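Structure first, commentary second.
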Amino acid sequence: MEGRPAVDDAALGRAALAVLDANWTGTSTVPAPGIYPHQWSLDSAFVAIGLARRDTARAGQELLSLFTGQWRTGMVPHIVFHHSDGYFPGPSMWRSEEVPDAPRGALTSGLTQPPLHAYAAWWIWRHAADRELAARFVRRAWPSLVAQHAYLRSRDAGGHGLAAIAHPWESGMDDSPAWDAPLANLPAGRCGTGYHDRYFWLAVQCRDHGYAPSYFREEHPFAVEDPMFNGIWLLSCDAMARLASEVVGADPEPFQEAAARIRGALLDRLWNGAFYARDLRADRLVPVCTIGGFGPMLDPEMPHHVIAALTALLESTKFMGAAGYPVPSCEIRAPEFDRAQYWRGPSWISTNWLLSQAAAVHGLDRLRELLVASTLRLVRQGGFRECFDPFDGTGHGCRDFSWSAALTLDLLG
Ligand code: 2M8
Numbered sequence: 000m001e002g003r004p005a006v007d008d009a010a011l012g013r014a015a016l017a018v019l020d021a022n023w024t025g026t027s028t029v030p031a032p033g034i035y036p037h038q039w040s041l042d043s044a045f046v047a048i049g050l051a052r053r054d055t056a057r058a059g060q061e062l063l064s065l066f067t068g069q070w071r072t073g074m075v076p077h078i079v080f081h082h083s084d085g086y087f088p089g090p091s092m093w094r095s096e097e098v099p100d101a102p103r104g105a106l107t108s109g110l111t112q113p114p115l116h117a118y119a120a121w122w123i124w125r126h127a128a129d130r131e132l133a134a135r136f137v138r139r140a141w142p143s144l145v146a147q148h149a150y151l152r153s154r155d156a157g158g159h160g161l162a163a164i165a166h167p168w169e170s171g172m173d174d175s176p177a178w179d180a181p182l183a184n185l186p187a188g189r190c191g192t193g194y195h196d197r198y199f200w201l202a203v204q205c206r207d208h209g210y211a212p213s214y215f216r217e218e219h220p221f222a223v224e225d226p227m228f229n230g231i232w233l234l235s236c237d238a239m240a241r242l243a244s245e246v247v248g249a250d251p252e253p254f255q256e257a258a259a260r261i262r263g264a265l266l267d268r269l270w271n272g273a274f275y276a277r278d279l280r281a282d283r284l285v286p287v288c289t290i291g292g293f294g295p296m297l298d299p300e301m302p303h304h305v306i307a308a309l310t311a312l313l314e315s316t317k318f319m320g321a322a323g324y325p326v327p328s329c330e331i332r333a334p335e336f337d338r339a340q341y342w343r344g345p346s347w348i349s350t351n352w353l354l355s356q357a358a359a360v361h362g363l364d365r366l367r368e369l370l371v372a373s374t375l376r377l378v379r380q381g382g383f384r385e386c387f388d389p390f391d392g393t394g395h396g397c398r399d400f401s402w403s404a405a406l407t408l409d410l411l412g
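Put into structure tokens, the structure is as follows:
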């Protein structure tokens, strides 16, 4: 890679595998020791992607173990708890055991996260050395994936074909400035003033209404159409169509139709020269450009002029052009930008990886090479941190973070 001696890549690969081994519980991978001691949905999808070329069986097991927490509604929860301690809010807040649709024998949260899992399953199928093993895994995962995709349709609060998130935690980009305006509009007297008071209050509202999709659609005060969540859903619909015809022997058409519906709605509802999140309760776009606005770039069929505009924005001084260690999670010039605070500025290996895929599907080879090289530079210099300062590459958040290690493995090839 980039003229570095091969030994560097090999050592980096070994270090990444060591992190994943240390974070492996025997059935799945925790995002990081200590701070995230349970199974997170989005993290598991990235871990499965990273392991796909190296260990097909474990990559598949990562997803299958997540599905043990799937609800009868098809909802794949964003956390499957391994025990009752170590993370707040834990099972005593979520109380999944009181929800008839939640599985017995697993304690889970009651919210979901971006549905990257079908794409991860397709990634396993595409990259596995043992094709038979991969095909067996896909057939086992298929009913869960079908149910997950059906559930997402029940979350179409706007009625235009997009899933609406009911909580910032559902986005996977918790503290993003894209949620500031919808959070500011919550009933102040009832939900506290700080953002994290509001996160907790929103989660309690979801729980007290039984996590019912009808409540999410019609009454819940936070309902946002996020371009990243829906861009990932679209990507996974494409993956479902391919798995249907290449592996399962099912009809790909419903998934192709779903992808077309999401694409159309993204363009109709969220595009205004860039993609923005739509606050459904205020019925307006949230006017801040974040990394989430590049999610629809993952779609191979996004119109050319949209891809050209997004590429220009990504390469401009608002994002990559002014960052030594791209890609910042919020536009650098926005007042909300904060280089050190979680999803409000730092660069993340997960979103860098997604953008490297987007660049690859659109034949943007130079952009892809730049993303791969700068992402590997981040982990070479700072280790497998949770996120990184986009100007000087300083690591932030926890160490030995699983998706940073897993996606490094994939980028090393
Ligand atoms: C972060 O989210 C959790 C809540 O789910 C948190 O802030 O405690 C996000 O970065 C999310 O995308 C990620 O899945 C999770 C675990 O790594 O941490």
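If you read the sequence shown in numbering that gives the first Met the number 0, its first letter stands for residue 0, the second for the next number, and so on.
Cβ atoms here follow ideal geometry from the backbone N, Cα and C, with glycine treated the same way.
These numbers come from a predicted model, not from an experiment.
Asked: Nearest residue (CA-CA) to Y214, options P181, T407, R154 and A183; Found: R154
Asked: DSSP beta-bridge partners of T289; Found: C329
Asked: Residue(s) in a DSSP beta bridge with V320; Found: Residue identity differs from the one stated: residue 320 is Gly in this sequence, not Val. Beta-bridge pairing links G320 to no other residue.
Asked: Any heavy atom of the ligand 2M8 nearer than 6 Å to the CB - residues listed; Found: P30, Y35, W39, L41, D42, H77, W168, G171 and D173
Asked: Contact under 8 Å by Cβ, M296 with H148; Found: no
Asked: Presumed contact (8 Å Cβ cut-off) between Y341 and D225, rounded CB distance; Found: Rounded, the Cβ-Cβ distance is 17 Å, inconsistent with contact.
Asked: Helix, strand or coil at E224 according to DSSP, with G and I counted as helix; Found: strand
Asked: Inter-residue CB distance, L223 and A276 (contact presumed, cutoff 8 Å); Found: Checking the sequence, you will find Val at residue 223 rather than Leu. Their Cβ separation, rounded to whole angstroms, is 5 Å, which keeps V223 and A276 in contact under 8 Å.
Asked: Closest residue to W168 among G160, L161 and A177 (Cα-Cα distance); Found: A177
Asked: Stretch-stretch touch, CB-based, cutoff 8 Å, three pairs: the segment 257-268 with the segment 157-167; Found: yes
Asked: Sufficient close CB pairs (3 or more, under 8 Å) joining the segment 311-328 to the segment 178-196; Found: no
Asked: Whether V46 touches T28 by CB criterion (8 Å); Found: yes
Asked: Cβ pair T107, P76 closer than 8 Å; Found: yes
Asked: Beta-ladder partner(s) of Q38, from DSSP; Found: V79
Asked: Limits of the unbroken alpha helix (DSSP H) element including D409; Found: S401 to L411
Asked: Own chain residues within Cβ distance below 8 Å of S244, not counting five before or after; Found: P251
Asked: Which of helix, strand or coil DSSP assigns to A163; Found: strand
Asked: Coarse secondary structure for C397, derived from DSSP in three states; Found: coil
Asked: Between the CA atoms of L50 and G59 - distance to the nearest angstrom; Found: 9 Å
Asked: Three-pair Cβ contact test at 8 Å for the segment 347-360 versus the segment 285-301; Found: yes
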